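Residue numbers (our numbering): 10 to 384.
A virtual CB, placed ideally from N, CA and C, is assigned to each residue, including glycine.
Keep in mind the model is a prediction, meaning the values are calculated, not measured.
What follows is the structure in structure tokens.
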């Protein structure tokens, strides 16, 4: 059941800078490191464009971190679709049965964290109903914080919303559209003020070469900043630094770094696919990778076995690319994964393969411990 979106207004001009992040998804350490990287200070404002929670392992800890910072008065946040589980549950917009199913099929969710902290279980429907009664007593401050979040934040120079807006007055916006609009960066309406959104990973807008950095649609004045944190292998936390109307951007990730020992040229005619075009039929299964037929492109290609998954009765591979990055020997790159064909790497936000010799910069990287994948 939808309704009108809640709109908040703020004057951010008195602050030296406004730092904007979105889609942190339970990554408390990543959030703290991002704040260190931008050298966030009391003279700055912070805007969080939704989806603080879920997918990561530390949603409750991250919520507490943000609540503490918000006490200073310079933190602003709009709700994302992953931040509304409590309001939806307690307003009977989702049923106890749906929450029971959610808790038993999703691993990293704040309700599980709360249950574990209270020594409660969620295996049965009765246990979930007991949890529903216990949460408001133990976590009243947390629920109050989340329930107070607006859906839209308007400032002098920008508008912030988690997923998207429809043309028209802010006071007439649909709440669910603000929370769940898909691929909003491709809509055609031009907004007067720059509109900053998250929700849909910026890399999903790439048709040839994956780029994880913020997606600027200058025709529509929409900036999509979701870096896919907690969602895909090339994840990062994107941030904007706003100085009045001036915009800079950067990103943080905790991926291991390696030094390329060889140069390589970029590949031509790369193939990049995102869901739902990644449906795959395994033709010949191998030990580490399989030959798969992808109906969307009518081709058989090798896919690493750990990149295949089942969804609603069909087999898919995760978002993929065949692109090989341009690399100069000596460059430092981020390693997203180790695959039979080489390292899936990230260079200045661009994602592709590096197939030359390399050395990791940290000897304790988990990637080095993958069987048969030591450099």
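If you reduce the DSSP assignment to three classes, tell me which class residue i lands in.
{"i": "residue 148", "result": "coil"}
{"i": "residue 141", "result": "helix"}
{"i": "residue 21", "result": "coil"}
{"i": "residue 267", "result": "strand"}
{"i": "residue 262", "result": "coil"}
{"i": "residue 129", "result": "coil"}
{"i": "residue 315", "result": "helix"}
{"i": "residue 385", "result": "In the structure displayed, the chain extends from 10 to 384; residue 385 sits before or after that span and is not available."}
{"i": "residue 33", "result": "coil"}
{"i": "residue 290", "result": "strand"}
{"i": "residue 274", "result": "coil"}
{"i": "residue 368", "result": "strand"}
{"i": "residue 377", "result": "Note that residue 377 has pLDDT 46, beneath the 50 cutoff, so the model's placement of it is unreliable and the number below is only indicative. The answer is helix: DSSP assigns residue 377 an H, G or I state."}
Below 8 Å on the Cβ atoms is my guess for residue i versus residue j; work out the distance and round it to an integer in Å.
{"i": "residue 205", "j": "residue 58", "result": "6 Å"}
{"i": "residue 35", "j": "residue 67", "result": "5 Å"}
{"i": "residue 61", "j": "residue 105", "result": "Contact doesn't hold; Cβ gap of about 24 Å is too wide."}
{"i": "residue 319", "j": "residue 32", "result": "At roughly 25 Å, the Cβ-Cβ gap does not stay under 8 Å, so residue 319 and residue 32 are not in contact."}
{"i": "residue 361", "j": "residue 222", "result": "That belief does not hold up - the Cβ atoms of residue 361 and residue 222 are roughly 14 Å apart, past 8 Å."}
Opposite residue i in the DSSP bridges: which residues?
{"i": "residue 323", "result": "320"}
{"i": "residue 27", "result": "54 and 251"}
{"i": "residue 303", "result": "308"}
{"i": "residue 13", "result": "183"}
{"i": "residue 49", "result": "According to DSSP, residue 49 bridges with nothing at all."}
{"i": "residue 162", "result": "17 and 169"}
{"i": "residue 329", "result": "282"}
{"i": "residue 298", "result": "313"}
{"i": "residue 3", "result": "Here the chain covers residues 10 to 384 and nothing more, so residue 3 does not appear."}
Taking only the alpha-carbon atoms, compute the straight-line gap between residue i and residue j and give it to the nearest angstrom.
{"i": "residue 369", "j": "residue 211", "result": "27 Å"}
{"i": "residue 278", "j": "residue 173", "result": "32 Å"}
{"i": "residue 109", "j": "residue 270", "result": "51 Å"}
{"i": "residue 296", "j": "residue 325", "result": "18 Å"}
{"i": "residue 315", "j": "residue 327", "result": "9 Å"}
{"i": "residue 139", "j": "residue 146", "result": "12 Å"}
{"i": "residue 134", "j": "residue 143", "result": "14 Å"}
{"i": "residue 23", "j": "residue 252", "result": "11 Å"}
{"i": "residue 116", "j": "residue 333", "result": "34 Å"}
{"i": "residue 208", "j": "residue 171", "result": "6 Å"}
{"i": "residue 262", "j": "residue 42", "result": "9 Å"}
{"i": "residue 87", "j": "residue 299", "result": "43 Å"}
{"i": "residue 166", "j": "residue 254", "result": "6 Å"}
{"i": "residue 14", "j": "residue 180", "result": "7 Å"}
{"i": "residue 198", "j": "residue 183", "result": "16 Å"}
{"i": "residue 102", "j": "residue 185", "result": "12 Å"}
{"i": "residue 122", "j": "residue 159", "result": "25 Å"}
{"i": "residue 164", "j": "residue 65", "result": "30 Å"}
Secondary structure, beta strand (DSSP E): runs of 3+ residues fully inside the region 331-359: DSSP runs (the beta strand (DSSP E)) wholly in the region 331-359: 341-348 and 351-356.
Length at least 3, wholly inside the region 169-248: the beta strand (DSSP E) runs in chain order: Correct list: 204-206, 224-226 and 231-233.
Alpha helix (DSSP H) runs wholly inside the region 36-121, at least 4 long, in chain order: The region 36-121 contains these whole alpha helix (DSSP H) runs: 37-46, 68-79, 94-99 and 105-114.
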